[in-house]
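Protein chains in written order, with this note's numbering: chain A, 1 to 326; chain B, 1 to 326.
C-beta atoms are modelled at their ideal positions from N, C-alpha and C, and glycine is treated no differently.
For clarity, every value in this text was computed on a predicted model and none was experimentally measured.
Number of protein chains: 2
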Amino acid sequence: MTVDAQILTAMRRAGAGSVSGADLAQQLGMSRAAVWARIEELRKLGYEITANPHQGYRLLSTPDALHADDLLARLPDNQIVGRDIRVFEETNSTNDVAEKLARDGVKEGVVVFAEAQKKGRGRLGRQWLSPARKGLWFSVLLRPDLRPQAATQLTVVAATALARAIRRQTNLTPEIKWPNDILLRGKKVAGILTELSAELDHVKYLIIGIGVDVNLTSADLPAELRKTATSLRIESGQPVSRPELAAAVLRELDADYARIRNGQFEALADEWEEQCTTIGRTVTIRIGDRAQTGVAESLDSEGALLLRTQHGRLERIIGGDVTVEK
Amino acid sequence: MTVDAQILTAMRRAGAGSVSGADLAQQLGMSRAAVWARIEELRKLGYEITANPHQGYRLLSTPDALHADDLLARLPDNQIVGRDIRVFEETNSTNDVAEKLARDGVKEGVVVFAEAQKKGRGRLGRQWLSPARKGLWFSVLLRPDLRPQAATQLTVVAATALARAIRRQTNLTPEIKWPNDILLRGKKVAGILTELSAELDHVKYLIIGIGVDVNLTSADLPAELRKTATSLRIESGQPVSRPELAAAVLRELDADYARIRNGQFEALADEWEEQCTTIGRTVTIRIGDRAQTGVAESLDSEGALLLRTQHGRLERIIGGDVTVEK
């Protein structure tokens with residue numbers, strides 16, 4: 001962890017209390033003057049920190065900006081996801097940056113955030129609106145030991161973790177729409193784009209791209225999206241802290257990724273099904289030119305959707321565009 | 001097609017006859033002196049061309065080197081595979097070059113050859129010996145409209161096309177070992193490495209890497225490989241023209257890729273099964289830590305191997321290391 005991340009961690013641990021400059025200096029192996037210089041830098045970034053000569057430093061507030069040090073400081077216990085965090089002011093697509101890191105051999109768990117994406121994308125190359133500082137646009141690189149067809153498990157993990165984090169941070173009740181959307185009152189508030197590089201029987205790496213509409217207002221949404229899209233701010237009536245939400249999502253993702261590595265996918269699938277508004281409904285699923293209608297019964301052990309067709313057959317569905325018929 | 005490729009095509013069409021400089025000049029829209037200059041360049045590359053003032057130019061022989069123009073000239077009728085050919089003296093891995101082209105948006109069908117690979121690789125990152133000018137080491141970029149789990153179809157296409165081309169060029173009888181090897185008398189002579197980039201329900205691009213041991217001698221093979229590997233030269237007792245074989249493989253690949261685009265995968269699968277020494281045998285398939293033993297019954301419609309286990313169940317197998325038990 002960087003020095004700034006350690007200072008932020010120490011102040012957060014102190015909570016309403018303070019942490020003394022002497023303690024910080026000793027812990028970090030640097031002079032009290034050097035600690036003071038770092039505090040000044042953090043203040044310039046928008047961190048409100050009081051300095052009391054007798055009690056020490058106390059963190060009053062954090063800016064609503066994404067800083068790698070700050071995010072790392074919020075995740076001291078993460079095992080894999082979020083051990084390495086990189087924040088960009090602007091990228092074309094965080095999935096593309098994560099893919100480049102993957103090819104360069106960077107370890108799994110690295111998370112790439114961008115304050116804005118110029119070419120944010122959803123499934124099948126569709127555009128994903130990603131205005132600056134209004135949402136969370138990020139990608140997680142994983143190297144799971146999975147066959148390509150089990151990669152759907154990771155979309156399930158991401159959806160479950162994301163829904164849980166949103167519920168805890170906002171008290172809203174997210175619904176999961178298979179395979180990759182999070183809805184609030186029927187409108188899309190977040191999406192997941194899983195991309196992978198594989199040999200036929202072996203995933204080389206997998207990138208989970210996540211977009212969350214956090215603080216967009218109705219005015220930020222183009223007219224054609226207002227009927228189908230929303231944001232946490234619109235639904236809760238108040239702004240939501242993006243760094244807090246980002247940290248919450250990464251904590252849940254790390255925990256759930258540990259669960260599937262330990263063979264506990266079933267438990268996650270159960271949690272997923274409880275929140276999923278697709279299960280039990282009659283749906284039409286379009287993949288390219290093909291369309292299939294049936295009742296969405298459950299997830300199978302690899303994360304695919306089991307669809308009972310009108311002819312009574314059970315079909316295994318990996319992905320597609322879902323329309324709920326009734 | 002480039003000027004050199006057009007000149008080579010015209011001379012090949014003339015066969016034992018000649019093609020006049022005047023005809024070539026008219027066809028190419030350039031002066032006879034300019035045609036003569038190109039002929040001189042081709043001679044420098046090792047093409048044996050006679051020039052008779054009355055009859056014109058005649059191609060006597062071609063060097064055993066890979067030239068993009070020469071390969072293009074041999075494939076005037078290819079629709080997709082081999083419309084664009086790039087030859088490198090040396091690369092780390094032709095699959096990596098093809099992947100870079102894929103990300104740069106190059107059209108499907110481009111073929112990347114290298115005279116030598118420094119880091120040629122087989123499945124699961126295993127090393128693939130690729131000495132200079134002794135074999136064919138190349139990769140084909142495709143953008144098929146397939147779900148990731150149907151990508152095995154392309155390995156079947158590649159194996160079938162490769163076996164057919166080897167049979168026609170050498171009169172040897174190749175055997176296919178599922179999923180990705182071509183054998184001669186039980187020893188490996190060629191391998192296929194299929195890699196793909198995908199969303200969960202949609203292949204973005206797919207790269208078929210092919211390595212053929214053409215003119216390696218026993219001395220070129222490390223001692224530990226001599227029991228399990230061979231070359232066309234070792235088996236046929238004579239050198240094999242690499243450009244002719246390369247063109248033959250690309251012609252077959254192009255034809256078979258057209259067949260699967262037209263929904264004729266079944267016919268290819270039948271041809272594949274006839275040559276496959278895995279079908280009908282008791283095999284053990286290892287994927288990571290797991291091992292499954294059973295009788296390899298057939299291919300399914302997506303190119304997976306259907307394995308009848310000892311317990312009588314039919315398992316769908318996508319890939320793995322196959323050992324034939326009896």
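Sixteen is the threshold: since fewer than 16 other Cβ atoms of the shown chains lie within 10 Å of the Cβ of D145 of chain B, the residue is exposed. Looking at the DSSP output, K227 of chain B bridges to nothing. Chain order gives no chain B residues near Q127 of chain A, where near means a beta carbon separation below 8 Å; the closest approach is about 15 Å.
The bridge partners DSSP lists for Q117 of chain A are A:T91. Rounded to whole angstroms, the Cβ separation of V111 of chain B and F138 of chain B is 6 Å, and the two are in contact under 8 Å. No Cβ of chain A is located within less than 7 Å of the beta carbon of L172 of chain B. In the three-state DSSP reduction, A296 of chain A falls in the strand class (E or B).
The contact set of T284 of chain B on chain A, defined by CB atoms closer than 9 Å, is empty, because the minimum CB distance reaches about 15 Å. Of the candidates B:A65, B:A223, B:R251, the residue whose Cα lies closest to the Cα of E115 of chain B is B:A65. Annotation for V189 of chain B: no alpha helix (DSSP H) segment contains it, though the beta strand (DSSP E) segment containing it runs 187-199.
Secondary structure of T155 of chain A (DSSP, three-state): helix. Contact of L124 of chain B with chain A by beta-carbon distance below 8 Å involves E199, H202.
As computed with DSSP, K177 of chain A is found in a beta bridge with A:D181.
Burial check for L45 of chain B: the Cβ neighbour count within 10 Å stays below 16, so the residue is exposed.
By the criterion of at least three beta-carbon pairs nearer than 8 Å, the segment 249-256 of chain B is not in contact with the segment 192-207 of chain B. Under DSSP, D145 of chain A forms no beta bridge with any residue.
Counting only the Cα atoms, E271 of chain A lies some 51 Å from L225 of chain B. T160 of chain A and L268 of chain A have their C-alpha atoms roughly 7 Å apart.
In this structure T9 of chain B is buried. Its beta-carbon is surrounded by 16 or more other beta-carbon atoms within 10 angstroms. Listed in chain order, the non-local C-beta contacts of P148 of chain A below 7 Å within the same chain comprise L196, A198, V203, local neighbours out to five positions each way being set aside. Under the three-state reduction of DSSP output, R316 of chain B falls in the strand class. Looking from the CA of T194 of chain B, the closest CA among B:G280, B:L142, B:G56, B:G237 belongs to B:L142.
One alpha carbon belongs to L42 of chain A, the other to L136 of chain A, and they sit about 22 Å apart.
Less than 7 Å divides the Cβ of A190 of chain B from the Cβ of V212 of chain B.
Rounded to whole angstroms, the separation of the alpha carbons of L162 of chain B and L172 of chain B is 12 Å.
Fewer than three Cβ pairs drawn from the segment 12-22 of chain B and the segment 300-307 of chain A lie within less than 8 Å of each other, which leaves the two stretches out of contact.
Cβ-Cβ distances below 6 Å link E89 of chain B to E115 in the same chain, with the five nearest sequence neighbours on each side left out; the list follows chain order. Residue state for A304 of chain B is assigned as coil, using DSSP reduced to three classes.
Between the alpha carbons of A34 of chain B and A73 of chain B lies a gap of roughly 19 Å. Within the segment 132-153 of chain A, those residues whose Cβ lies closer than 9 Å to any Cβ of chain B are, in chain order, D145, R147, P148, Q149, A151, T152. By the rule that beta-carbons nearer than 7 Å mark a contact, T309 of chain A does not touch chain B. Contact check for Y57 of chain A and G29 of chain A: beta-carbon distance about 17 Å, past the 8 Å limit, so the pair fails to qualify.
Exclusion of the five residues before and after L314 of chain B leaves E297, L306, L307, R308 as the residues of its chain whose Cβ lies within less than 8 Å of its Cβ. Within the segment 226-267 of chain A, the complete alpha helix (DSSP H) segments of 4 residues or longer fall at 232-236, 242-261, listed in chain order. Among the residues of chain A, those whose CB is under 9 Å from the CB of P179 of chain B are L200, D201, following chain order. Membership of R12 of chain B in the alpha helix (DSSP H) is indicated by the continuous run 3-14.
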